[in-house]
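This note's numbering puts the first residue of the sequence shown at 54, with every later residue one more than the last.
Glycine included, C-beta positions come from ideal geometry on N, C-alpha and C.
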Amino acid sequence: MHHLFRDDPDLVRRALKVCLDEDFPQFNSVVVIDSDLTEIKTITREVDTALLVETDLGPEILVIEPQSKPPTQDKKRAWHWYLSYLEAYYKAPATLIILTADRAAAAACRRPITLGPERRPSATVHPLIIGPDNAPFITDSIVAGEDVMLAVLAALAHRLNPAINTALDALAGALHSIDIESAKFFAEYVVVGLGEGGAYDHWKGIIMTMTYPFASKLREELMQKGRVEGRAEGLAQALLMVLTDHNVALSSEERTRIEACQDELLLSTWLHRASYATTAADVFEARKD
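Written out as structure tokens, the structure is:
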């Protein structure tokens, strides 16, 4: 979700207004900050998206992080580190914005995020949260068409909503009303952002069946991906059958490794090795002659 703000930084301001009634000042300029916050070579920390925005009130830094579940204490410490480092480096105030589709994560992140002992926190962060409990649930294609990027963000924020298909239908209708390249761009965002599950399957069904011009190329890409995944799945099943016939025992991790593999060349190599394999190691490791 955070990549949306790289392509349309002003979406931050609009989303905060719609979701939180937060009047963030207009942006006069925006720079995408290098997301590598590494300072010591042995410690690497990378923020998902960081924007340096220039407003009438001066420069500000926006740290934008997606969160799929309630944050661990380590994650909270990392957020403190991001803000402190960026403020120190750029000499500008920093704000943490958290994006989530999970209500439990939204609730947890709204509580003050503190460092130090509970009896006396030494630092406190109050993030701004955009999630399923404050993002608009847009089910009208005309409303979605008024700000398509915001509609994409809203749909992804509600991707766990049982009624998400109605929002996806409205979004598809809105994409039909804009230029083809932009529509394809937004549609691909949704494909990636939905992840796996019923919402993704519904959106894929829309792309595979709609007659809108923007869908044709994306449909070809999805079909090609399906063909590749189908071939890989067939090789994996053949490999498992051969190993079963040869009484080669597999651990659950080894079976999962085979079933999850999408590399056809590697699967073909494993299948060849299975012809003489007596152990799982014979399959995964090249024979030393």
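- Between Val-71 and Ser-88, the CB-CB gap reaches or exceeds 7 angstroms.
- About 10 angstroms separates the beta carbons of Val-106 and Val-85, which is beyond the 8 angstroms limit, so they are not a contact pair.
- Per DSSP, Val-196 is one residue of the alpha helix (DSSP H) stretching across 194-199.
- Here the alpha carbon of Leu-104 sits roughly 7 angstroms from the alpha carbon of Val-116.
- Between Pro-180 and Cys-162, the gap from beta carbon to beta carbon is short of 7 angstroms.
- When the five nearest sequence neighbours on each side are left out, the beta carbons in the same chain lying within less than 8 angstroms of the beta carbon of Ala-289 are those of Ile-311, Glu-312, Cys-314 and Leu-320, in order along the chain.
- Counting along the chain, the unbroken alpha helix (DSSP H) around Gly-226 starts and ends at 217-228.
- In the DSSP annotation of this structure, the continuous segment of the alpha helix (DSSP H) that includes Thr-309 starts and ends at 305-313.
- When DSSP states are grouped into helix, strand and coil, Thr-153 belongs to the coil group.
- With fewer than 16 other CB atoms across the displayed protein chains lying within 10 angstroms of its CB, Gly-250 is exposed.
- Distance check between Ser-137 and each of Ala-176, Pro-119 and Glu-171 places Ala-176 closest, using alpha-carbon atoms only.
- For Ala-176, the three-state secondary structure derived from DSSP is strand.
- Here Leu-292 has Ile-311, Leu-320, Trp-323, Leu-324 and Ala-327 as same chain residues with Cβ atoms under 7 angstroms from its own Cβ, once five neighbours each way along the sequence are excluded.
- Of Pro-165, Arg-172, Trp-132 and Ser-121, the smallest CA-CA separation from Thr-153 is found for Ser-121.
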